[in-house]
Amino acid sequence: MSNVLALLQEEALRQREPHGEQVRYAALSYCWGGKQVVQTTSQTIVRHRTRINFQDLPQTIKDAVIVTENLGLDHLWVDALCIIQDDEGDQACEVDLMGHVYENAEVTIAASRAEGVQEGLLQDLTPWGCNKRDWVFKMHYRDLTDQISPIIIAPKLFQRPVDYLSKRAWTFQERLLSRRILDYSSTCVHWTCQSHNDCDRRGGKCTVYEFKKDTKISRGMLYCNESVTTGTWHTLVDEFSKRSLTLPEDRLPAIGGIAERFGLQSEDRYLAGIWQSHLPLGLLWIVDRSVRWSPQPQASAYVAPSWSWASTNRAINGRVFVYHGISQVDIVRINVKAPEKGVTYGKVVYGSLTLRGFVTPVDWKLPSETERHSDGKISGIPSIGIYRDGAETSLLAGGITTIRVYLLVIVVRDDVDLNVTGLILRQLPNQTYSRMGVFHVPYCPAHQNTYRYLARGLLNSNKEEVTIV
1 MSNVLALLQE
11 EALRQREPHG
21 EQVRYAALSY
31 CWGGKQVVQT
41 TSQTIVRHRT
51 RINFQDLPQT
61 IKDAVIVTEN
71 LGLDHLWVDA
81 LCIIQDDEGD
91 QACEVDLMGH
101 VYENAEVTIA
111 ASRAEGVQEG
121 LLQDLTPWGC
131 NKRDWVFKMH
141 YRDLTDQISP
151 IIIAPKLFQR
161 PVDYLSKRAW
171 TFQERLLSRR
181 ILDYSSTCVH
191 WTCQSHNDCD
201 RRGGKCTVYE
211 FKKDTKISRG
221 MLYCNESVTT
231 GTWHTLVDEF
241 SKRSLTLPED
251 RLPAIGGIAE
261 RFGLQSEDRY
271 LAGIWQSHLP
281 LGLLWIVDRS
291 VRWSPQPQAS
301 AYVAPSWSWA
311 STNRAINGRV
321 FVYHGISQVD
331 IVRINVKAPE
341 KGVTYGKVVY
351 GSLTLRGFVT
361 PVDWKLPSET
371 ERHSDGKISG
381 IPSIGIYRDG
391 AETSLLAGGI
401 TTIRVYLLVI
411 VVRDDVDLNV
421 TGLILRQLPN
431 QTYSRMGVFH
441 VPYCPAHQNT
451 YRYLARGLLN
461 SNKEEVTIV
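So the sequence shown is residues 1 to 469, counted in UniProt numbering.
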C-alpha cells in the first residue's frame, strides 16, 4: 500500500505509511495546473510525517480534505503529498502502484471543475447555459418576406461545461479503475459507482449532456475475465492518446494500471503498449489527424520503440486496419527492456522487434511545410495510400526532401481482392529500422488492374529480416 495522509483533529494532517494495515481512504483526482507550492520532497518528508497544516494547503486539496471528513473517512491519498517528488526511486515505485491506489480507494474525489490545484471544487454550481443575463437582449429584423420579427441575442447560450480532467492522460485510468467516483463539475456533482449513477444540481435537474456516458468505455471492460481483444484495447488506447501529458515519457506509465488489470486476466505478454497476441495487426496503428493537436513538449528521455503507438505524442487510431487478413510476416525476436526487473507495465528503456517478410525499397518524396495535409508520394507508385507518423519533420528541417524507405508487407486481405497493408521503415546506421508510417494498397473496382498489379508486385519482392527499434 502507498503512503496516505492521515487527517488529524486539530486542522492538520500528516503523511503515514500503513505498514500492511488495511486503511480505508479516499483518493484525489485533480489537475496540478503547474508547480505545486506544497509537496513532499526529500527536504519536507520528515516534517510532513509529523504535521501538514491545513491552512497551508492549496484550495483543491483543502476541499478534498473536507469531503473526505464528511464521508466519514480519515485518510486521503494525494500524489503531490504522498509521493516524494524529487526522489526518482520513490516516484518509480509509486507510479507502478498508481493503478492499485485508485482501484482500492473507497471513493475517488474528482475535481473536474478545477484547471489547477488552487481553484478548489466546492464553489457554487453554475447553471448550464448562459449566466450573463445582462448580455441577453431583444432586437427586431426584417426577414425575406418583408415581415418584421423579434429575435433574442445571447452569447453561447448553451455552452457546455468544461471538464478539465477529461483532457489529462493520467486521469483516464484514475477514472476507469475507481470503484466509486464523486465528481465535482462546475454545474453538477456526479456520483458514479459499479451499479448506479446520480447527479445533484442542488435542487435543479440533470441535463442529458451531464448524464451522458461514453458507452464504448466502461469499468466493466477491465473485469470481464477474458483476454483483451485488439478492438477493445484500441478503443481504450485511442481515447487515452487524445489526452495531454506534462511529461511525454509518462505515456506508458499513465495507462499501466489498465494494462496490468488486463494482464491479470490472461497470460498475454505486454510489449511497450501492444499485446503480443495482437501482433502483427497491432503494429498498424496510424496517427489520427482528425483530432486537433497542439504541439507537445519533447521527451527528455526514451519513451517507446518506434513500432509502438506510445512513441508518438499524437492521438492515434488503431482500428483502421484491424481486420481478418493473412499475416505476411514471421515474428523472429522480441526484446523489450524495462528500467528495473519485474516492471512490466511501466516505462521501457529499449524495444526491438525482428520480423521476416516482403520488403520493397522505394523513394519517398516528403510533403513540404506548405503541403500540411499531404503525406507525400512514393516514387513510381502514385496510387499507394500513405499514413505518416510525423517523424519526418526533423528531416525536413534539415533540408531533406526525399528519403529511401522500405515497405514491409504486414497483412493481406483477399476476401474481395488483394488488399495490402504494411509499415514504412527507414534504415538506421546500425542496420536496424525505424517506423515512419503505414502504407495501404486498397481494392478499387474502378482501377482494379492497377491496384492488383501493385499489390502483387509488393508480394513478389524479396523476403528479408528487419529489426525495428
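Where a beta carbon is used, it is the ideal one built from N, C-alpha and C, also for glycine.
Opening and closing residue of the beta strand (DSSP E) in which residue i lies
i	result
Ile331	330-337
Ser352	350-365
Cys199	197-200
Trp77	75-77
Val420	419-427
Arg388	385-388
Ser2	No beta strand (DSSP E) holds Ser2; DSSP gives it neither H nor E.
Ala26	26-29
Ala110	107-110
8 Å Cβ cutoff met for residue i and residue j
i	j	result
Leu182	Val107	yes
Val322	Leu279	no
Ala6	Thr68	no
Asp288	Ile258	no
Ile83	Glu94	yes
Ala304	Val348	yes
Leu355	Leu418	no
Ile403	Leu423	no
Arg49	Arg24	no
His234	Arg319	yes
Ala169	Ala64	no
Asn335	Ser352	yes
Ala12	Arg51	yes
Thr40	Leu81	yes
Ser277	Ser218	no
Lys454	Ser379	Per the sequence shown, residue 454 should be read as Leu rather than Lys. Not a contact, by the Cβ cut-off of 8 Å.
Which of helix, strand or coil DSSP assigns to residue i
i	result
Ser327	strand
Phe211	Confidence in Phe211 is poor, its pLDDT being 39 and thus under 50, which makes the residue's placement unreliable; the coordinate value appears in the next sentence. Reduced to three states, the DSSP call for Phe211 is helix.
Val409	strand
His19	coil
Ser241	helix
Phe439	strand
Arg456	helix
Leu271	strand
Glu115	coil
Arg219	helix
Tyr164	helix
Val123	Val is not the amino acid found at residue 123; the sequence shown has Gln there. Coil, per DSSP.
Leu7	strand
Asn462	coil
Asn131	For Asn131, the predicted model reports a pLDDT of 49, less than 50, meaning its position is unreliable; a value from the coordinates is still stated below. In the structure shown, Asn131 sits in coil (DSSP, three-state: anything other than H, G, I, E or B).
Ala310	helix
Arg49	coil
Thr187	coil
Leu451	Looking at the sequence itself, residue 451 is Tyr, so the reference to Leu does not match. Reduced to three states, the DSSP call for Tyr451 is helix.
Gly203	Per-residue confidence for Gly203 stands at a pLDDT of 46, beneath the threshold of 50, marking its modelled position as unreliable; the derived number appears in the next sentence. In the structure shown, Gly203 sits in coil (DSSP, three-state: anything other than H, G, I, E or B).
Thr467	strand
Ser277	helix
Gly342	coil
Ala80	helix
Thr229	coil
Leu283	helix
Leu157	Caution applies to Leu157, whose pLDDT of 48 falls short of 50 and renders its modelled position unreliable; the value that the coordinates give is listed next. Correct three-state label for Leu157: coil.
Thr40	coil
Leu144	coil
Pro248	helix
Thr235	helix
Nearest residue (CA-CA) to residue i, options the options
i	options	result
Leu428	Thr402, Leu458, Val469, Arg319	Val469
Trp364	Lys341, Val438, Ile255	Val438
Cys31	Glu17, Leu121, Val23, Leu71	Leu121
Trp293	Trp309, Ile286, Leu283, Asn313	Asn313
Tyr406	Arg456, Lys463, Glu88, Val332	Lys463
Leu245	Trp285, Val4, Gly33, Asn460	Gly33
Glu88	Ile61, Ser42, Ser112	Ser42
Leu222	Phe262, Leu247, Val237, Asp250	Phe262
Leu8	Gln59, Gln22, Asp74	Asp74
Tyr302	Gln22, Arg251, Arg180, Glu119	Arg251
Ser461	Val362, Gly399, Leu366	Val362
Gln36	Glu21, Asn3, Gly72, Asp79	Asp79
Extent of the continuous alpha helix (DSSP H) run through residue i
i	result
Gln91	88-104
Ala259	253-263
Leu177	170-177
Lys62	59-70
Inter-residue CB distance, residue i and residue j (contact presumed, cutoff 8 Å)
i	j	result
Val466	Ile326	Between Ile326 and Val466 the Cβ distance is about 19 Å, and since that is not below 8 Å, they are no contact.
Leu177	Thr171	So it is not a contact: roughly 11 Å between Cβ atoms.
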